[in-house]
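Residue numbers (the working numbering), protein chains in the order written: chain G, 2 to 423; chain P, -19 to 403. Glycine residues also receive a C-beta, built at the ideal position from the N, C-alpha and C atoms. Note that the structure is predicted; figures quoted are calculated from it, not measured. One structure is given below, encoded as structure tokens.
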């Protein structure tokens, strides 16, 4: 297997990227002075993949929460489950499902190669029975209930439901009690075959590892199946939200809010440059050193938890701002006024430069953590970028670009989600 | 091995220098007794974080941190045994990553020292507006603990269990106490902190410990130190079982069971107690995970947590309200198996391996957390000391430690009936 080497001298890091003949992408970042390693084996299959192409080439709908359910079930096998196998190496193993991917991971300092073999093996060997599927419905049922009581989670999904009419980003990652009840072992096997083929997957490892050894272990342990990247269903939806205001009563102390602005996107994916320019712009306009933050705090409309972010992926992009507020509607209108003012007057170059420096600093800091680094390498790959592309993009963002990103935020495409104390 | 140096009476510097990280981190832990000053102390730490003489406004200080490549200034209040610990910390990039050759580390260290020793004080006042804002934010912070039912139930179990001990108090003080704090109280709390708190300055990564030391030493020269004596009461055995319940309009109930661990001080039998707790309910091989979640599918999570600084263990789980009896009975039955040696020997080995991994810190924050938690310990224990102690634990030690666990308090956060829900 051939590797291509990417080095960022200033950062002092090197990543080796290679493609196995099965189609599996491998990215390895060896870290000097580290005795541990973190590996993540991910597939581009997340909660937004609610439609899959069937044998006739048509998109068929699958129950909500299937990717997450599959994630839970892959840990099972006929004899020792994955947790029991990792217990023998001491590595801590876990997995997560997000909107766009499912990832399996371990972290350990002893027997790293053995742990890597277990990771590759358990993810490639599904074992589902009706009985184990039913058992999992109980566990995941409790997980869903737990999230239903979390106001931060609810306020965001209520907002996404208000912004998006058909895009599956509006559904909960774990699905619902009803949707997971429709899942059976046959369906899991079928979806497994579709989404868990090496061409749709990536393996990223950071820490005390050598890329050549990783290649050897992969060579020995990877299924030589024919597979291809899965195509995502894309339907452009109107930028106009379903509702401009939604609320829900929950057991909370004070009102929680999230204000979302849907972007009128022309392509399913934003460029990395646009993404990072938005992050810098949001920091400059809404961060703790901004006039907006001071005004909202002085008027007792927010607390220190107020924050904003760009939330984007395949077929969706929106800016979200949220926190606790005694008056979410007034807070929202002040935010909108500030966006309008800065669209007219322009973002100050000092504020822009400070925000850019901050983001650059935080990006470098991310490389401290082998967990964060490996996950970032995976995200860059799934979105079609080379290692360190995020740092390069950050350095090259201009004020004009940040200003342009601000101009995409439009009041008529916004929705306010509020949680009211029950 | 960390370097240890005393800078003044009960002002200890613990540093672990390494250039493998992108950052340098400095954390100042200030331990105080849990007395009538708690509310003023809590407000103080947030007032200090807000500004300083050189950057007298929150937005100016935030702007300075942004310029320092997004340096992270942290302030926190926590309980460490029966002590209220105030923490101020800064994390920033190592100088070699600066784009224009600036010295980020030195500036950050100076800034942190200024925040503690040169606050934005005029005529013994931190500013009436600043105090009013910080009061509002702190009260809101306390009230919002209700939003996360898992943490709420966990803390509630502790406060019920330790209601006659200082540990049962809220770490920030009560809302009423916070409302009643006057400016003079905060100023006095600042003076008191400088003179009586037990200090630990922990430095990890690219920060220059010598420069940090001299910056702090100089400031302490002018301060007359009278360090406080801080003691924690260890109740070794439950005296009486109590159950408490609160109802909320929620989907999932939260069960928290509090146990006394039979410890007489924070390091009492610590290796065996740590392994015992891990096998009981910390790992994926633990009794609680494998039975309550995997076998019985009663919960998504069911963990046990050891608070060694107070000698207690808490088991927490998110469950259907009507399953409380079933789950709590199963927790006790698992404990009984643990006491009676009904544990696969392989699980002991798994636990030791996992604990070894858990002490192999891979981030500066991890190392910092390990050492700063020892602010009240006379002797510093390294993660390696901990691991070698754990290696020697036998199954008999685990059983003996489990036998000392006694259930003290159950706190159940229950879901209200549907009918009540619709009101």
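Rounded distance between the beta-carbons of residue 206 of chain G and residue 375 of chain G, thought under 8 Å | 7 Å
So residue 311 of chain G packs on residue 390 of chain G, CB below 8 Å; how close in whole Å?
-> Actually they are not in contact, since the Cβ atoms of residue 311 of chain G and residue 390 of chain G sit about 16 Å apart, beyond 8 Å.
Is the beta carbon of residue 120 of chain G less than 8 Å from the beta carbon of residue 68 of chain G?
-> no
For residue 224 of chain P, decide whether its Cβ has a neighbour in chain G, counting only Cβ atoms nearer than 8 Å.
-> no
So what's residue 19 of chain G in DSSP terms, helix, strand or just coil?
-> strand
Assign residue -16 of chain P to one of two classes, buried (16 or more other C-beta atoms within 10 Å of its C-beta) or exposed (fewer than that).
-> exposed
Between the region 167 to 177 of chain P and the region 198 to 205 of chain P, are three or more C-beta pairs nearer than 8 Å?
-> yes
Classify residue 221 of chain P as buried or exposed, calling it buried when 16 or more other Cβ atoms lie within 10 Å of its own Cβ.
-> Exposed is the call here.
Close-in-space but distant-in-sequence residues of the same chain around residue 86 of chain G (CB under 6 Å, 5 per side omitted) | Contacts found: 119.
Does the beta-carbon distance from residue 319 of chain G to residue 234 of chain G come in below 8 Å?
-> no
Using the Cα positions of residue 357 of chain P and residue 179 of chain P, report the straight-line distance between them to the nearest angstrom.
-> 11 Å
Alpha-carbon to alpha-carbon, residue 49 of chain G and residue 169 of chain G | Straight-line spacing of the CA atoms in residue 169 of chain G and residue 49 of chain G works out to 5 Å.
Taking only the alpha-carbon atoms, compute the straight-line gap between residue 280 of chain G and residue 311 of chain P and give it to the nearest angstrom.
-> 46 Å
Residue 127 of chain P touches chain G at which residues, Cβ-Cβ below 7 Å?
-> 152, 253 and 254
Just how far apart, CA to CA, sit residue 7 of chain P and residue 158 of chain P?
-> 25 Å
Can you give me the start and stop residues for the beta strand (DSSP E) that residue 97 of chain P sits inside?
-> Here residue 97 of chain P belongs to no beta strand (DSSP E); instead the alpha helix (DSSP H) covers 84 to 97.
What three-state label does DSSP hand residue 9 of chain G in the structure shown?
-> strand
Select from the region 229 to 244 of chain P all residues with a C-beta closer than 8 Å to any C-beta belonging to chain G, and list them in chain order.
-> Flagged, chain order: 229, 230, 231 and 232.
Chain G within 8 Å of residue 117 of chain P, Cβ atoms only = So yes, residue 117 of chain P belongs to the interface.
What did DSSP end up calling residue 72 of chain P once you bin it into helix, strand or coil?
-> For residue 72 of chain P, the secondary structure class from DSSP, reduced to helix, strand or coil, is strand.
Where does the unbroken alpha helix (DSSP H) through residue 279 of chain G begin, and where does it stop?
-> 273 to 287
Which one of P:82, P:325, P:224 and P:242 has the shortest CA to CA distance from residue 376 of chain P?
-> P:325
Give a yes or no on whether the C-beta atoms belonging to residue 24 of chain G and residue 4 of chain G are separated by under 8 Å.
-> Not in contact: residue 24 of chain G and residue 4 of chain G (Cβ atoms no closer than 8 Å).
Per DSSP, which one or two residues make a beta bridge with residue 260 of chain G?
-> Residue pairing by DSSP places residue 260 of chain G opposite G:322 and G:417 in a beta bridge.
Who are the near neighbours of residue 223 of chain P in its chain, counting only those whose CB is closer than 6 Å to its CB and skipping five residues on each side?
-> 390
Find out if the Cβ-Cβ distance for the pair residue 70 of chain P, residue 92 of chain P is shorter than 8 Å.
-> yes
Touching or not, the region 66 to 83 of chain G and the region 127 to 143 of chain G, by the rule of three or more beta carbon pairs under 8 Å?
-> yes
Residue 116 of chain P (DSSP reduced to helix, strand or coil) = helix
Residues of chain P with CB under 7 Å from residue 302 of chain G, in chain order?
-> Identification of chain P residues near residue 302 of chain G by a Cβ-Cβ cut-off of 7 Å yields none; the smallest Cβ-Cβ distance measures about 11 Å.
Could you tell me whether any Cβ in chain G is nearer than 8 Å to the Cβ of residue 113 of chain P?
-> yes
Hey, is residue 344 of chain P's beta-carbon within less than 8 Å of any beta-carbon in chain G?
-> With 8 Å as the cut-off, residue 344 of chain P counts as an interface residue toward chain G.
Which of helix, strand or coil does DSSP assign to residue 312 of chain G?
-> strand
Within chain G, the residues that residue 1 of chain P reaches when beta carbons sit closer than 8 Å | 369
Less than 8 Å between the CB atoms is what I'm expecting for residue 234 of chain P and residue 151 of chain P, so what's the real figure, rounded?
-> Cβ atoms of residue 234 of chain P and residue 151 of chain P stay farther apart than 8 Å, at about 20 Å.
What does residue 77 of chain P touch in chain G if you count any residue whose Cβ is under 8 Å from its own?
-> 11, 12, 362 and 365
Alpha helix (DSSP H) containing residue 22 of chain P: first to last residue?
-> 18 to 30
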